[in-house]
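Student:
2 protein chains.
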Amino acid sequence: MTVSRKRKSSGEDAVRRLRAAGLRPTRQRGALVELLGSGHRHLSAESLHQEAQQAGIGVSLATIYNTLHQFTEAGLLREVVVGAGRSYFDTNTGDHQHFYCEDDGSLIDIEGEAIAVAGVPAPPKGMAVDRVDVVVRVKRA
Amino acid sequence: MTVSRKRKSSGEDAVRRLRAAGLRPTRQRGALVELLGSGHRHLSAESLHQEAQQAGIGVSLATIYNTLHQFTEAGLLREVVVGAGRSYFDTNTGDHQHFYCEDDGSLIDIEGEAIAVAGVPAPPKGMAVDRVDVVVRVKRA
DNA sequence: CAATCAGTTTGGAATCATTCCAAACTGATT
DNA sequence: AATCAGTTTGGAATGATTCCAAACTGATTG
Chain A
1 MTVSRKRKSS GEDAVRRLRA AGLRPTRQRG ALVELLGSGH RHLSAESLHQ EAQQAGIGVS
61 LATIYNTLHQ FTEAGLLREV VVGAGRSYFD TNTGDHQHFY CEDDGSLIDI EGEAIAVAGV
121 PAPPKGMAVD RVDVVVRVKR A
Chain B
1001 MTVSRKRKSS GEDAVRRLRA AGLRPTRQRG ALVELLGSGH RHLSAESLHQ EAQQAGIGVS
1061 LATIYNTLHQ FTEAGLLREV VVGAGRSYFD TNTGDHQHFY CEDDGSLIDI EGEAIAVAGV
1121 PAPPKGMAVD RVDVVVRVKR A
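Those protein sequence lines, which keep their order, are chains A and B. Mapping the first sequence onto the working numbering, position 67 (from 1) lands on 67, and the numbers just tick up by one. Here the working numbering runs 1000 ahead of the position in the second sequence, where the first position is 1.
#1: If we ignore side chains and look at the alpha-carbon of each, how far apart do T1026 (chain B) and R1041 (chain B) end up?
#2: Starting from G1030 (chain B) and walking both ways along the beta strand (DSSP E), at which residues does that stretch end?
#3: Leaving out five residues before and five after Q1028 (chain B) in sequence, what residues of the same chain have Cβ atoms less than 6 Å from its Cβ?
#4: Just to check, is the beta-carbon of V80 (chain A) closer than 7 Å to a non-hydrogen atom of the ligand SAM?
#5: How big is the Cα-Cα spacing for D133 (chain A) and H98 (chain A)?
#6: Between the C-alpha atoms of E1046 (chain B) and Y1088 (chain B), what's the straight-line distance to the nearest angstrom?
#7: Keeping to the same chain, check which residues put their C-beta closer than 7 Å to that of D1103 (chain B); ignore five residues upstream and five downstream.
#8: Within 8 Å (strictly less), CB to CB, does D1090 (chain B) reach chain A?
#9: Out of B:R1086, B:C1101, B:D1090, B:L1076, point me to the one whose CA is closest to R131 (chain A)'s CA.
#10: My output table needs one value for G126 (chain A): the three-state DSSP class, helix, strand or coil.
#11: List, in chain order, every chain B residue whose beta-carbon is nearer than 8 Å to that of I108 (chain A).
#12: Is there a Cβ from chain A that is less than 8 Å from the Cβ of V1033 (chain B)?
#13: Where DSSP assigns a beta bridge to H96 (chain A), which residues make up the other side?
#14: Span of the beta strand (DSSP E) holding E1079 (chain B)?
#15: Kindly indicate which residue of A:I115, A:A116, A:V120, A:G112 has the alpha-carbon position closest to the one of I1115 (chain B).
#16: In this structure, how does DSSP classify H42 (chain A) when only helix, strand and coil are distinguished?
#17: Taking the alpha helix (DSSP H) that V1062 (chain B) falls in, what are its first and last residues?
#18: Along the chain, where does the beta strand (DSSP E) that runs through D1090 (chain B) open and close?
#19: Who are the Cβ neighbours of E1111 (chain B) in its own chain at under 6 Å, not counting the five residues just before and after it?
#20: Does P123 (chain A) pass the burial test, meaning 16 or more other C-beta atoms within 10 Å, or should it be called exposed?
#21: What does G1105 (chain B) touch in chain A if you count any residue whose Cβ is under 8 Å from its own?
#22: Express the C-alpha separation of L77 (chain A) and L36 (chain A) in angstroms, rounding to a whole number.
#23: Is it right to say A20 (chain A) is buried, meaning 16 or more other beta carbons lie within 10 angstroms of its own, or is it exposed?
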C-alpha cells in the first residue's frame, strides 16, 4: 500500500505517451495510462474505476469515462461492443476480433491474421468503411 | 384511421404464427406480430412502441420489451447490437449481416451470400459457436 | 356457460450504465 | 506570481431496460 507521490521512472513514460497522443499529461491520465499499460486487457469503465481505487488513485467515475473515450479517440484503446449496454475497452488496438461468451460476458481475442471477412459490398454512396467488427458468440455447449 | 375491431383475415394468420412459435396468442402479441409482419425492418423497443400507439394498439412499453425478447427467443426476430445501449430487432432472421452508419445510427442489410467469415478458430473448450456477427461500421466519407 | 388458473399485461418504481453540469482545480505559459 | 484554457469532480440528470406485485385474460374443465 504505497501512496506513491511522484515516481519519476514510469511516470515519465506515461507522460511521453500522453504527449504523443496529444493529451495534456495530468495526474489522473498518467495513472490510468500506467494501469492500462501492461498487456492486452478488456475492461469496462466500472472495472477500471475499481482498479484505480484499489491502486490508491483518486479518480472519479466521470473522469474514467472521459479518459476512456479520449484514449479511444487517440487510438490508445479500442471500444468493443458485445451487447446492449455492454461495451469493453480493449488495450489491444491491433487488428483482431473476439469471441464473446454469452454465459459469463467474457471476451477472448482472435488474432487478426487468423480470421478474415470476404465479400463486404461497397458501402452506400458517400460512406466509407471505418472498421469491420466480428463477434463470434459462443455458449456453453 | 380505422379503429379495427377484430379483422379475421390477418388476425388468424397472426394467431397461427404465434401458436407455431409456442406463444399464447394474446391481443397484444397478435397486434405486434402484424405490425412486424411486412418486409424486413430494423426497430427499437421505443420505435415499435410508438408505432403501436399510432396504430391504436394499447401496449405498454414493458410488454413491448417482453414480446420483443420472446419473439427473439422464438426465432421470429433477431437482435442486432451495434453500440453500447443501442440494439435493434431485425425482422429478417435469415443469414445476413449489417452496415452500421455511425452518423445516423441506421442499419443496412448485407446479404448472407455476399459476405463470408473465414478462419474462425475453434471456440474454447466446452463452448460452441452460437452465431457470428459482422458489423461493418461506415461513416460519411 | 361459469369457474378456474396459469400465463400475460401493466404502470410505476427500481436499476444500471453513461452523460451532463457548474464549480473547483491544475498544468502550461507569460 | 498571475493567468487561463483545459481538466476533474460529485452529484444530478438521462435513457434504456428490467423488476414487481396486482389486475387481467385465454384456454380448459365440469
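Even for Gly, the Cβ is constructed at its ideal location relative to N, Cα and C.
Tutor: By the coordinates alone:
#1: Here residue 1026 (chain B) is taken as the residue at index 26 of the second sequence, counted from 1. Here residue 1041 (chain B) is taken as the residue at index 41 of the second sequence, counted from 1. Rounded to whole angstroms, the separation of the alpha carbons of R1041 (chain B) and T1026 (chain B) is 23 Å.
#2: On the second sequence, residue 1030 (chain B) is found 30 positions in, with the first residue counted as 1. Per DSSP, G1030 (chain B) belongs to no beta strand (DSSP E); it is in the alpha helix (DSSP H), 1027-1037.
#3: On the second sequence, residue 1028 (chain B) is found 28 positions in, with the first residue counted as 1. By the criterion of a C-beta distance shorter than 6 Å, Q1028 (chain B) is surrounded in its chain by V1059, T1063, once the five residues flanking it on both sides are discounted.
#4: Absent from the structure shown: the ligand SAM. Ligands present: none.
#5: Your numbering for residue 133 (chain A) matches position 133 in the first sequence. Your numbering for residue 98 (chain A) matches position 98 in the first sequence. Each residue's Cα considered, the two are about 9 Å apart.
#6: Start at 1 with the first residue of the second sequence, and residue 1046 (chain B) comes out as number 46. Start at 1 with the first residue of the second sequence, and residue 1088 (chain B) comes out as number 88. When rounded, the distance between both Cα atoms is 10 Å.
#7: Taking the second sequence and counting its residues from 1, one reaches residue 1103 (chain B) at position 103. So the qualifying residues of the chain are K1139, R1140.
#8: As a working note, residue 1090 (chain B) is residue 90 in the second sequence. Cβ-Cβ to chain A under 8 Å: no for D1090 (chain B).
#9: Taking the first residue of the first sequence as position 1, residue 131 (chain A) is located at position 131. Nearest C-alpha to R131 (chain A): B:C1101.
#10: As a working mapping, residue 126 (chain A) is identified with position 126 in the first sequence. Coil at G126 (chain A), not helix or strand.
#11: Counted from its first residue, the first sequence places residue 108 (chain A) at position 108. The answer, in chain order, is P1124.
#12: Position 33 of the second sequence, counting from 1, holds the residue named residue 1033 (chain B). False, the Cβ-Cβ gap to chain A never drops below 8 Å.
#13: Counting from 1 along the first sequence, the entry for residue 96 (chain A) is found at position 96. H96 (chain A) pairs with A:E111.
#14: Your numbering for residue 1079 (chain B) matches position 79 in the second sequence. 1078-1083 is the extent of the beta strand (DSSP E) around E1079 (chain B).
#15: One-based indexing of the second sequence puts residue 1115 (chain B) at position 115. With distances taken between Cα atoms, I1115 (chain B) lies closest to A:V120.
#16: Counting from 1 along the first sequence, the entry for residue 42 (chain A) is found at position 42. In this structure, H42 (chain A) counts as strand in the three-state DSSP scheme.
#17: To locate residue 1062 (chain B), count along the second sequence from 1; it is residue 62. Sequence check: residue 1062 (chain B) is Ala here, not Val. That run of the alpha helix (DSSP H) goes 1061-1073.
#18: Mapped onto the second sequence, residue 1090 (chain B) falls at position 90. That run of the beta strand (DSSP E) goes 1086-1090.
#19: Position 111 of the second sequence, counted from the start, is the residue given in the question as residue 1111 (chain B). So the list reads H1096, once near-sequence residues are dropped.
#20: Locating residue 123 (chain A) in the first sequence gives position 123, counting from the first residue. Buried is the call here.
#21: Residue numbering aside, residue 1105 (chain B) sits at position 105 when the second sequence is read from its first letter. The contacting residues do not exist; G1105 (chain B) stays about 13 Å from chain A at best.
#22: Within the first sequence, residue 36 (chain A) is the residue found at index 36, counting from 1. Within the first sequence, residue 77 (chain A) is the residue found at index 77, counting from 1. So the alpha carbons of these two residues sit roughly 9 Å apart.
#23: The count along the first sequence starts at 1 and reaches residue 20 (chain A) at position 20. Classification of A20 (chain A): exposed, given that the 10 Å Cβ count is below 16.
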